[in-house]
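2 protein chains.
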Amino acid sequence: MERKVDLRQWLSGADNEFLPHISLDCVVFGFHDGALKILLLKMQNLDQLALPGGFMMREETLEEAAIRTLEERTGLENIFLQQFHVFSDPARNDSATRLEDLKKLGMHPAKLEWFAQRFISVGFYALVEFSRVRPKPDVLSESCDWYSLEERGKLVLDHDQILDTALATLRMQLNHQPVGYNLLPRKFTMPELQKLYETILDKKLDRRNFQRKMLSYGILNVLDEKRTGGAYKAPYLYSFHLRNYQKALRQGLEAGA
Amino acid sequence: MERKVDLRQWLSGADNEFLPHISLDCVVFGFHDGALKILLLKMQNLDQLALPGGFMMREETLEEAAIRTLEERTGLENIFLQQFHVFSDPARNDSATRLEDLKKLGMHPAKLEWFAQRFISVGFYALVEFSRVRPKPDVLSESCDWYSLEERGKLVLDHDQILDTALATLRMQLNHQPVGYNLLPRKFTMPELQKLYETILDKKLDRRNFQRKMLSYGILNVLDEKRTGGAYKAPYLYSFHLRNYQKALRQGLEAGA
DNA sequence: TTTCAATACGTCAATATGACACAATGATTT
DNA sequence: AAATCATTGTGTCATATTGACGTATTGAAA
């Protein structure tokens with residue numbers, strides 16, 4: 339029988355089911371209104387934002403811990419995620435004010451000890467379909483919401499660095515991971531796909547050349563539908579040809595070069 | 339004052355200066371005789387080979403721990419290394435025979451406990467210049483030597499998987515990391531560079547097109563020397579134009595496509 | 001001196017790329 | 001109902017890049 343212990347239970351006094359010194363932080367990417375968004379938590383009574391994170395139970399893998407964490411935070415199952423870096427600076431979480439903040443939240447001193455220890459944090463990035471996410475704060479936070487990359491302020495601890503590394507990784511793996519498939523809804527238009535590439539690569543691409551190259555890979559199905567409702571000419575809808583897509587990713591695309 | 343505690347000291351009874359549950363394993367790549375080699379340890383009294391690994395001291399980063407480990411194993415300083423994956427399967431190091439083996443080595447029961455715990459291991463790959471390495475076994479092993487990828491047998495625990503992942507990572511990052519610079523001696527010939535690419539990518543490349551592409555990047559200095567001594571026509575020697583090389587890597591080469 | 005096999009340099013057709021033109025569309029405005 | 005509009009779909013063309021291959025050169029070995 340599986341024993342599920344979440345942070346709320348644990349904070350309320352259950353025995354410690356987590357491995358010490360190891361944590362994980364997730365950069366959850368979504369794509370909405372032509373921009374990359376990330377999921378951030380606002381700590382209770384504080385003006386600081388933080389990446390959703392968690393700890394590892396004694397009998398699960400890092401990936402299982404990340405999935406557990408993200409299912410709680412997003413309401414989604416089968417989340418695509420990749421670990422990308424371990425952050426291990428001894429000073430990364432010994433912020434002077436951090437424990438004070440937690441004490442203010444009324445945390446029991448015995449539990450404060452847990453947060454006082456040194457943590458090595460494994461960074462994951464997750465790709466989710468924006469519209470399907472139902473953000474839910476965790477015990478320590480008062481809100482969980484989408485933020486665009488520009489409007490985020492300074493994040494807690496080294497979370498800015500984690501986010502930057504995630505972005506750089508996403509950029510490097512864009513042609514090797516199913517980024518489009520996981521960030522876009524099942525049906526999407528070519529301009530939407532292009533905008534996604536432009537956002538991640540942070541550069542403009544030629545509309546016509548982009549389309550030519552994308553179609554040449556044979557990873558897209560042109561659907562017999564158009565996206566009506568928008569202004570001006572209605573673009574075709576596409577979906578991914580999953581088998582060809584995965585095959586092409588194994589070789590590595592070269593889109594946006 | 340820095341306090342250095344190595345595995346030997348620690349095993350001999352010093353206080354535990356290592357973080358629990360966290361280990362690291364290094365895949366050290368060298369290039370010799372036109373083939374990729376990796377550094378492996380042979381455990382005492384056992385026919386098993388293992389990757390060089392170690393633990394993390396309470397006040398160092400993962401990278402510092404890996405460098406410390408590798409300096410001991412290779413005699414080199416300034417080793418190029420990259421973390422590439424964390425291996426966290428709860429069952430990865432609960433081999434039935436493993437503790438028995440360690441007991442046979444005469445390890446103190448108190449120290450055996452250390453090895454009995456669950457470990458999350460961070461995988462690093464390192465690129466070194468083969469000829470400069472002076473392999474040195476650690477306390478638990480009787481030898482430390484180069485092996486070609488083919489002649490290695492089954493490795494301990496999940497080290498086969500770690501090695502395979504390192505290779506796949508190396509292949510993917512070949513055009514983004516200074517692989518040639520770190521694996522080859524300062525002066526090298528074009529055929530040597532090509533063979534390196536062919537080995538890592540595991541495919542033949544056209545000699546003339548490879549040279550054309552490499553030279554087109556402007557990352558190589560043609561030296562006024564040739565490699566004499568070999569049979570037949572003496573090839574030119576090259577060295578990397580470090581500034582251009584690093585600039586080109588940031589964009590990502592496309593060699594061997 | 002000849003032979004040899006590998007290196008250096010070059011050619012060329014096929015393909016891919018980057019930059020741009022123009023017609024078609026469907027909602028909005030007149 | 002017609003004109004307008006910004007965007008989308010398709011196509012062109014000069015240039016650059018690629019892949020495949022040919023030939024001359026070199027330095028050691030025969």
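Line by line, the protein sequences give chains A and B.
The first sequence maps to residues 339 to 595 in the working numbering.
The second sequence maps to residues 339 to 595 in the working numbering.
The C-beta atom is built at its ideal place from N, Cα and C for all residues, glycine as well.
All of these numbers come straight from a predicted model, not from anything done at the bench.
Taking only the alpha-carbon atoms, compute the straight-line gap between F367/B and K541/B and give it to the nearest angstrom. Here residue 367/B corresponds to residue number 29 of the second sequence, with the count starting at 1. Here residue 541/B corresponds to residue number 203 of the second sequence, with the count starting at 1. Those two C-alpha atoms are separated by around 19 Å.
Taking the C-alpha atoms as reference points, what is the distance between I405/A and R581/A? If you number the first sequence from 1, residue 405/A lands on position 67. If you number the first sequence from 1, residue 581/A lands on position 243. If you take the alpha carbons of I405/A and R581/A, they lie about 25 Å apart.
Which listed residue (R472/A, Y574/A, F393/A) has its alpha carbon closest to that of E415/A: Residue numbering aside, residue 415/A sits at position 77 when the first sequence is read from its first letter. Among R472/A, Y574/A, F393/A, the Cα nearest to that of E415/A is on R472/A.
Which residues, taken in chain order from the region 415-447 of chain B, show a beta carbon closer than 8 Å to some beta carbon of chain A? Q421, H423, V424, S426, D427, P428
Spell out whether any CB of chain A is found under 9 Å from the CB atom of V460/B. Residue mapping note: residue 460/B aligns to position 122 of the second sequence, counting from 1. With 9 Å as the cut-off, V460/B counts as an interface residue toward chain A.
Interface partners of E398/A on chain B, CB under 8 Å: Locating residue 398/A in the first sequence gives position 60, where the first residue counts as 1. Ordered by position in chain B, the residues that pass the 8 Å Cβ test against E398/A are P428.
Just mark A447/B as buried or exposed, buried being the case when its beta carbon has 16 or more other beta carbons within 10 Å. Stepping through the second sequence from its first residue, residue 447/B is reached at position 109. Per the sequence shown, the amino acid found at residue 447/B is Pro instead of Ala. With fewer than 16 other Cβ atoms within 10 Å, it is exposed.
Any heavy atom of the ligand PLP closer than 8 Å to the beta-carbon of G491/A? The ligand PLP is not among the ligands present in this structure, which contains no ligands whatsoever.
Using a Cβ cut-off of 9 Å (strictly closer), state whether P573/B contacts chain A. For the purposes of this step, residue 573/B is identified with residue 235 of the second sequence, where counting begins at 1. No, P573/B does not count as interfacial toward chain A.
Are at least three pairs of beta-carbons, each pair with one atom in the region 353-362 of chain B and one in the region 573-592 of chain A, less than 8 Å apart? no
Other residues of its chain near L419/B: CB distance less than 8 Å, five sequence neighbours each side excluded: Taking the second sequence and counting its residues from 1, one reaches residue 419/B at position 81. These residues qualify, in order along the chain: C364, E401, A404, I405, L408, F462, Y463, A464, L465.
Short CB-CB distance (under 9 Å) between A595/A and chain B: Here residue 595/A refers to the residue found at position 257 when the first sequence is read from its first residue. At least one chain B Cβ lies under 9 Å of A595/A.
Are any of the Cβ atoms in chain B nearer than 9 Å to that of M510/A? Here the question's residue 510/A lines up with position 172 in the first sequence. It does: the Cβ of M510/A has a partner Cβ on chain B nearer than 9 Å.
Can you say whether E530/A is buried or exposed, counting buried as having 16 or more other CB atoms within 10 angstroms of its CB? As a working note, residue 530/A is residue 192 in the first sequence. Result: buried.
Going along chain A in order, which residues have a C-beta closer than 8 Å to the C-beta of I360/B? Taking the first residue of the second sequence as position 1, residue 360/B is located at position 22. Going along chain A in sequence order, the residues near I360/B (Cβ under 8 Å) are H359, I360, I458.
C-beta neighbour in chain A for H514/B, strict 9 Å: Translated into positions along the second sequence, residue 514/B becomes position 176. Yes, its Cβ sits closer than 9 Å to a Cβ of chain A.
Within 9 Å (strictly less), CB to CB, does G590/A reach chain B? Along the first sequence, read from residue 1 onward, the residue named residue 590/A stands at position 252. So, interface residue.
I need the boundaries of the alpha helix (DSSP H) containing A448/A, first residue and last residue. If you number the first sequence from 1, residue 448/A lands on position 110. Its alpha helix (DSSP H) spans residues 447-454.
Taking 9 Å as the CB-CB cut-off, is E409/B touching chain A? Taking the first residue of the second sequence as position 1, residue 409/B is located at position 71. Output row for E409/B: interface = no.
Going by DSSP in three states, H497/B sits in which element: helix, strand or coil? Here residue 497/B corresponds to residue number 159 of the second sequence, with the count starting at 1. Note: H497/B maps to helix in three-state DSSP.
Cα-Cα separation, K342/A to E480/A: If you number the first sequence from 1, residue 342/A lands on position 4. If you number the first sequence from 1, residue 480/A lands on position 142. A caution first: K342/A carries a pLDDT of 49, below 50, which makes its placement in the model too unreliable to give a value.
Three or more C-beta pairs under 8 Å: does that hold for the region 389-397 of chain B against the region 486-501 of chain B? yes
Using 9 Å as the threshold, is the C-beta distance between Y576/B and L558/B below it? Residue 576/B sits at position 238 when you count from the first residue of the second sequence. Residue 558/B sits at position 220 when you count from the first residue of the second sequence. Cβ atoms of Y576/B and L558/B: closer than 9 Å.
Starting from I538/A, follow the alpha helix (DSSP H) in both directions and report where the run begins and ends. Locating residue 538/A in the first sequence gives position 200, counting from the first residue. First-last of the alpha helix (DSSP H) with I538/A: 528-539.
Per DSSP, M395/B is paired with what? Working through the second sequence from its first residue, we reach residue 395/B at position 57. Its beta-bridge partners are F356/B.
DSSP state of K375/B mapped onto helix, strand, coil: Residue numbering aside, residue 375/B sits at position 37 when the second sequence is read from its first letter. DSSP places K375/B in strand when its eight states are reduced to three.
Using 9 Å as the limit for Cβ to Cβ distance, is M339/A near chain B? Taking the first residue of the first sequence as position 1, residue 339/A is located at position 1. Because M339/A carries a pLDDT of 40, less than 50, the predicted location of this residue cannot be relied on, and no value is offered for it.
Under 9 Å, do L377/B and R430/B count as touching if we go by C-beta distance? Locating residue 377/B in the second sequence gives position 39, counting from the first residue. Locating residue 430/B in the second sequence gives position 92, counting from the first residue. No, they are not a contact pair.
is_contact[E355/A, chain B] using C-beta, thresh 9 Å: Here residue 355/A refers to the residue found at position 17 when the first sequence is read from its first residue. Taking Cβ atoms only, chain B never reaches closer than 9 Å to E355/A, which makes this a no.
Buried versus exposed call for A593/B [16 or more other C-beta atoms within 10 Å across all chains shown]: Working through the second sequence from its first residue, we reach residue 593/B at position 255. Classification for A593/B: buried.
Distance, D371/A Cα to L591/A Cα: Here residue 591/A refers to the residue found at position 253 of the first sequence. Here residue 371/A refers to the residue found at position 33 of the first sequence. Looking at the two C-alpha atoms, the distance is approximately 25 Å.
If you draw a straight line from the C-alpha of M339/A to the C-alpha of D476/A, how long is it? Residue 339/A sits at position 1 when you count from the first residue of the first sequence. Residue 476/A sits at position 138 when you count from the first residue of the first sequence. Residue placement at M339/A is flagged as unreliable, the pLDDT there being 40, under the threshold of 50; the coordinate-derived value follows with that caveat. Going by the C-alpha atoms only, they are around 25 Å apart.
So is E401/B in contact with chain A if we call contact Cβ pairs under 9 Å? Translated into positions along the second sequence, residue 401/B becomes position 63. It does: the Cβ of E401/B has a partner Cβ on chain A nearer than 9 Å.
Nearest residue (CA-CA) to F369/A, options A434/A, K533/A, K585/A: For the purposes of this step, residue 369/A is identified with residue 31 of the first sequence, where counting begins at 1. If we check each option's Cα against that of F369/A, K533/A comes out closest.
Span separating the alpha-carbon of M528/A from that of Y574/A: Along the first sequence, read from residue 1 onward, the residue named residue 528/A stands at position 190. Along the first sequence, read from residue 1 onward, the residue named residue 574/A stands at position 236. Distance between the alpha carbons of M528/A and Y574/A: 7 Å.
Per DSSP, what kind of secondary structure is A388/A in: helix, strand or coil? Reading the first sequence from its first residue, position 50 is the one you call residue 388/A. Reduced to three states, the DSSP call for A388/A is strand.
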